[in-house]
Amino acid sequence: MFKKISAVSLALVVLLCLSLTASAYTEQYVVDYNNCFSYEEIQELETYAESVENEYGCCVMLCVTDEAVSDGYAEEIYNDYTDNENGFVLVHSLDDNSYYYFVTDSAKSTFNADVYETLKNAYDSNDTYFDGAEDYYSTCVDVLESDGDVAVVPETNYNATGDGLADRKADTVKVIVICIAVGMAVGFLVMFAIASKNKSVRMQKNASVYTRQGSFIVTGNYDNFLYKNVDKTPKPKQNNNNK
Amino acid sequence: MPTISEQKCPCCGGGVQFDSGAQKLKCPYCETEFEINELQQNVESVGESVDWSSSDNRWSSGETDGMNVYSCQSCGGEIIADSTTGASKCPYCDNPVVMKGQFSGALRPDLVIPFKLDKKAAKEALKKHISTKKFVPKAFLDNNRIEEIKGVYVPHWLFTCDAVGEATFKATKVRTWSDNNFNYRETSYYDVYRSGNISFDNVPVDGSTKMPDDLMESVEPFDLSQSVDFNTAYLAGYLADKYDVTAEESMNRANERIRASVGDALESTVKGYNSVDSRNVNLNIANGLYKYALYPVWILNTSWDGNKYTFAMNGQTGKFVGNIPTDKKAVVKASLLLGAGISAVLCGLSFLLGWI
């Protein structure tokens with residue numbers, strides 16, 4: 325029994341670690357919420373996007389999602405994954421096959437509305453997501469090469485992972501630690517409760533077994549109110565700032 | 003001088019024993035069965051004195067303090083038993099003997115519950131008891147050996163009384179509500195009083211210091227409706243002790259249990275509150291009576307790893323108790339495995355929910 329439990333548990337833990345490692349690695353430049361790309365394709369695109377950022381100091385991201393995208397979604401995605409002040413993200417919503425983008429202030433002169441259309445068409449005019457993504461990134465490079473306005477930022481001046489991603493990783497670690505702590509606490513409580521049943525010798529707490537049937541009669545009672553306390557706590561404010 | 007009585011088979015002269023299955027006396031040699039009263043006429047009571055002083059320097063002064071020396075009626079062998087032993091077996095011929103003086107006069111028990119279950123049942127109960135437990139060290143399962151198994155009539159004092167109790171409780175009621183800006187929680191405190199009468203029948207207290215009190219209380223309850231008037235014939239084939247804790251000394255434990263029961267009963271009438279804390283229980287006992295009874299208990303001793311483990315089985319109902327060693331490493335290992343499994347499931351759920 326224990327061998328089975330241990331095998332299943334270890335398999336789950338290994339699978340979880342692999343999936344977490346994979347997801348942590350792939351979601352830097354290419355955010356694929358709908359599994360449109362294979363693992364190898366994402367690795368290839370990530371490598372390419374990283375080299376673009378290193379060479380031109382511009383973070384070019386691509387996000388594919390099946391969610392209905394609202395205003396501000398592209399900016400949120402961008403900020404979640406990088407803090408590079410030069411960058412652009414194209415968001416493809418499969419929900420209604422629509423496109424959105426976000427461009428940082430310092431890159432607006434490069435990635436203007438015309439360029440956005442060009443990039444969108446480059447991505448959209450291919451049969452497969454991967455071909456579209458490749459075209460998207462190569463067009464980005466063409467755009468960056470033809471425009472000198474985008475400053476080349478030394479690699480050390482920005483963090484490719486970004487605060488957003490760092491925060492996300494920190495949250496992930498927190499959740500995993502909490503899951504492990506809760507799991508272990510429950511595991512120990514259950515097993516020690518089972519083990520405690522090995523002790524069956526203890527003094528009786530009372531003599532209720534020996535109460536004469538129907539002999540209990542209440543002869544007096546009163547309930548006196550003494551005092552009361554009222555605790556007043558402010559309600560948590562609702563967050564109306566929906567980005 | 004100490005005397006012993008021995009139930010002899012009128013057919014073959016062998017020592018008869020009480021058979022728990024047939025609830026009769028039975029001769030293990032010719033297998034003849036006798037009703038308890040039938041054999042009373044044939045009870046051979048050996049009242050002769052043994053002049054121990056004729057054997058020079060056999061016992062030095064003080065050496066026999068707390069011990070009695072008996073002479074076996076069957077083989078003449080010496081039986082040395084402590085001053086509380088009431089029934090035993092001759093170590094030489096294995097005939098069951100009852101030390102009559104231990105249960106005569108004021109020391110005579112009022113009741114005895116005869117054994118309903120035999121030694122075989124006790125052995126099987128031990129096996130079942132161990133097999134149903136988890137985390138028992140494998141070495142204990144493989145290597146523990148029953149060193150001793152004995153049916154013992156354990157002296158108990160039974161207390162019957164009418165209890166008058168009163169108790170005070172601190173109780174709270176909690177009410178919560180909200181408005182637009184705040185959540186409110188109002189806690190009201192009450193002083194609650196209850197008094198009542200409750201009667202108890204035959205609350206048992208172990209009257210022997212040889213038997214651990216927790217072990218004896220753990221095999222409770224016994225069904226006193228199946229008890230019979232005391233007769234030494236029921237002791238044949240078993241061990242029996244007379245009490246060495248007096249009724250007066252045992253009353254404190256009875257009062258302690260009765261007080262707890264009264265407190266519980268009164269507390270059960272305090273309703274409509276969110277929390278109830280008992281603060282004080284006063285108890286008055288009226289019409290208190292106590293009886294002296296012998297309860298049947300099988301005691302099994304096993305040893306493992308240099309430690310002795312004592313188990314007890316209610317000789318009437320079969321309730322079996324006894325602490326079993328726990329393999330702490332196995333507990334930790336199982337806890338870690340279960341914890342890892344639960345953690346993995348929680349992490350998986352978190353992953354699916356998008357928390358990680």
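Residue numbers (my numbering), protein chains in the order written: chain A, 325 to 567; chain B, 3 to 358. In this text, a Cβ means the ideal position worked out from N, Cα and C, and glycines have one as well. Treat the numbers as computed from the prediction; the structure is a model and nothing was measured.
Mind checking if B:Asn59 is an interface residue toward chain A, Cβ cutoff 8 angstroms exclusive?
As a working note, residue 59 of chain B is residue 57 in the second sequence. Reliability of the predicted coordinates at B:Asn59 is poor, the pLDDT of 49 falling under 50, and the value obtained from them is presented with this limitation in mind. No, no contact with chain A.
Pick helix, strand or coil for A:Met527, following the three-state DSSP scheme.
One-based indexing of the first sequence puts residue 527 of chain A at position 203. In the structure shown, A:Met527 sits in coil (DSSP, three-state: anything other than H, G, I, E or B).
With DSSP run on the structure shown, which of helix, strand or coil describes B:Gly350?
Translated into the one-based positions of the second sequence, residue 350 of chain B becomes position 348. B:Gly350: helix per DSSP, three-state reduction.
Listed by chain order, chain A residues near B:Ala267 by CB distance under 7 angstroms:
As a working note, residue 267 of chain B is residue 265 in the second sequence. Simply Phe540.
From A:Tyr546 to B:Asn286, what does the alpha carbon distance come to, in whole angstroms?
Start at 1 with the first residue of the first sequence, and residue 546 of chain A comes out as number 222. Start at 1 with the first residue of the second sequence, and residue 286 of chain B comes out as number 284. Spanning the two alpha carbons is a distance of roughly 20 angstroms.
Proximal chain A residues relative to B:Asp225, where beta-carbon distance stays under 9 angstroms
For this step, residue 225 of chain B is matched to residue 223 along the second sequence. Chain A residues near B:Asp225: none, gap ~11 angstroms exceeds 9 angstroms.
Looking only at its chain, what residues have a beta carbon closer than 7 angstroms to the beta carbon of B:Glu80, apart from the 5 residues adjacent to it on each side?
In the second sequence, residue 80 of chain B corresponds to position 78, counting from 1. So the list reads Val71 and Ser73, once near-sequence residues are dropped.
How should A:Leu550 be labelled, buried or exposed, when 16 other C-beta atoms within 10 angstroms of its C-beta is the threshold for buried?
As a working note, residue 550 of chain A is residue 226 in the first sequence. It counts as exposed.
May I have the straight-line CA-CA distance separating A:Glu379 from A:Glu368, to the nearest angstrom?
Residue numbering aside, residue 379 of chain A sits at position 55 when the first sequence is read from its first letter. Residue numbering aside, residue 368 of chain A sits at position 44 when the first sequence is read from its first letter. Between A:Glu379 and A:Glu368, the C-alpha separation is close to 17 angstroms.
Flag A:Lys432 as yes if its beta-carbon sits less than 8 angstroms from any beta-carbon of chain B, otherwise no.
The residue given as residue 432 of chain A occupies position 108 in the first sequence. Judged by the 8 angstroms Cβ criterion, A:Lys432 is not in contact with chain B.
Work out the CA separation of B:Asn303 and B:Val334 for me, nearest whole Å.
Within the second sequence, the letter at position 332 stands for residue 334 of chain B. Within the second sequence, the letter at position 301 stands for residue 303 of chain B. Between B:Val334 and B:Asn303, the C-alpha separation is close to 28 angstroms.
Closer than 8 angstroms to chain B by CB, A:Thr485
Against the first sequence, residue 485 of chain A aligns to sequence position 161. The predicted position of A:Thr485 is uncertain, since its pLDDT is 44 and thus under 50; a value taken from the coordinates is nonetheless stated next. No, A:Thr485 does not count as interfacial toward chain B.
By DSSP, does A:Ile502 sit in helix, in strand, or in coil?
Position 178 of the first sequence, counted from the first residue, corresponds to residue 502 of chain A. Helix at A:Ile502.
Whole angstroms is fine: what's the gap from B:Phe20's alpha carbon to B:Lys28's?
The residue labelled residue 20 of chain B in the question sits at position 18 within the second sequence. The residue labelled residue 28 of chain B in the question sits at position 26 within the second sequence. One C-alpha to the other measures close to 6 angstroms.
Is there a Cβ of chain A sitting closer than 8 angstroms to that of B:Arg281, yes or no?
Here residue 281 of chain B refers to the residue found at position 279 of the second sequence. Cβ-Cβ to chain A under 8 angstroms: no for B:Arg281.
To the nearest angstrom, how far is the alpha carbon of A:Val530 from that of B:Lys175?
To locate residue 530 of chain A, count along the first sequence from 1; it is residue 206. To locate residue 175 of chain B, count along the second sequence from 1; it is residue 173. Note that residue 530 of chain A is Asn in the sequence shown here, rather than Val. Taking the straight line from one Cα to the other gives about 28 angstroms.
Less than 8 angstroms between the CB atoms is what I'm expecting for B:Phe142 and B:Trp306, so what's the real figure, rounded?
The residue you call residue 142 of chain B lines up with position 140 of the second sequence. The residue you call residue 306 of chain B lines up with position 304 of the second sequence. Going by Cβ atoms, the distance from B:Phe142 to B:Trp306 rounds to 5 angstroms, so yes, they are a contact pair.
Below 8 angstroms on the Cβ atoms is my contact criterion, and I expect B:Phe117 with B:Pro298 to pass it. Report the Cβ-Cβ distance as a whole number of Å.
Numbered from 1 along the second sequence, position 115 holds the residue referred to as residue 117 of chain B. Numbered from 1 along the second sequence, position 296 holds the residue referred to as residue 298 of chain B. Confirmed, about 4 angstroms.
Look up A:Thr496 in the DSSP assignment and say whether it is helix, strand or coil.
Counting from 1 along the first sequence, the entry for residue 496 of chain A is found at position 172. In this structure, A:Thr496 counts as helix in the three-state DSSP scheme.
For B:Lys310, I'd like the list of residues in its chain whose CB is within less than 7 angstroms of its CB, leaving aside the five on either flank, ordered along the chain.
Counting from one through the second sequence, the residue named residue 310 of chain B turns up at place 308. Asn303, listed in sequence order.
Residues bridged to A:Asp459 [DSSP beta-bridge criterion]
The count along the first sequence starts at 1 and reaches residue 459 of chain A at position 135. Per DSSP, none; premise fails for A:Asp459.
Do you know whose CA, among A:Lys556, A:Ala519 and A:Arg526, lies nearest B:Thr189's CA?
Start at 1 with the first residue of the second sequence, and residue 189 of chain B comes out as number 187. Answer by Cα proximity: A:Lys556.
Put B:Tyr312 into one of helix, strand or coil per three-state DSSP.
Along the second sequence, one-based indexing puts residue 312 of chain B at 310. Residue identity differs from the one stated: residue 312 of chain B is Thr in this sequence, not Tyr. Strand at B:Thr312.
For the stretch 223-300 of chain B, list the alpha helix (DSSP H) runs that are entirely contained and at least 4 residues long, ordered along the chain.
249-269
Determine the chain B residues that contact A:Asp547 at a beta-carbon separation under 7 angstroms, and present them in chain order.
Your numbering for residue 547 of chain A matches position 223 in the first sequence. Per Cβ cutoff of 7 angstroms: Tyr192 and Val194.
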